[in-house]
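Numbering (our numbering), first residue to last: 56 to 193.
In what follows, a single structure is set out as structure tokens and then discussed.
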């Protein structure tokens with residue numbers, strides 16, 4: 056079984072809901088911050104590779120920088136902060152999954168994913184990121 060492990064540096068952003076015009080056309084504004092995050096993902100996941108048509112399992116680990124307004128409660132080194140940021144883990148995963156598919160990316164279509172595991176955690180770094188692991192089943 057082939058496994059691909061990638062790391063994307065940057066502040067993870069969730070896939071926003073589309074806005075709808077009066078005529079019923081759905082879109083995301085061109086100046087929305089999701090486009091910069093997706094460009095960072097595509098820079099790592101797309102390139103000179105042939106997309107696979109095999110079924111796969113995807114594991115995503117999002118590392119979100121601790122906001123300056125968030126403080127540890129007891130200050131002990133063993134205290135754990137739970138990532139209660141406003142980003143839903145499913146919307147974080149949607150943005151990455153959209154970038155894994157395409158002509159020169161890892162997958163032909165995200166329908167090939169039979170198992171998706173996504174988690175989020177705080178990081179002490181000022182720049183967060185995402186670890187992407189794609190394990191093909193054949």
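We treat Cβ as the ideally placed atom computed from N, Cα and C, and that holds for glycine.
N-terminal and C-terminal residue of the alpha helix (DSSP H) that residue i is part of
i: residue 99; result: 89–100
i: residue 110; result: No alpha helix (DSSP H) contains residue 110, which DSSP labels as neither H nor E.
Proximity below 8 Å, CB of residue i to CB of residue j
i: residue 58; j: residue 169; result: no
i: residue 93; j: residue 159; result: no
i: residue 175; j: residue 147; result: yes
i: residue 96; j: residue 63; result: yes
i: residue 74; j: residue 150; result: no
i: residue 100; j: residue 161; result: yes
i: residue 186; j: residue 120; result: no
i: residue 104; j: residue 191; result: no
i: residue 65; j: residue 157; result: no
Residues bridged to residue i (per DSSP)
i: residue 190; result: 58 and 112
i: residue 184; result: 64 and 118
Among the options, the one whose alpha carbon lies nearest that of residue i
i: residue 31; options: 122, 165, 67 and 68; result: This structure gives no information on residue 31, because the portion of the chain shown stretches from 56 to 193.
i: residue 193; options: 185, 182 and 167; result: 167
i: residue 106; options: 113, 76 and 163; result: 163
i: residue 118; options: 191, 171, 56 and 67; result: 67
i: residue 114; options: 155, 177 and 72; result: 155
i: residue 177; options: 110, 171 and 144; result: 144
i: residue 108; options: 173, 172 and 165; result: 165
i: residue 87; options: 72, 98, 79 and 76; result: 72
Limits of the beta strand (DSSP E) - the one that residue i falls within
i: residue 149; result: Counting along the chain, residue 149 falls outside any beta strand (DSSP E), though it belongs to the alpha helix (DSSP H) covering 144–155.
i: residue 171; result: 168–178
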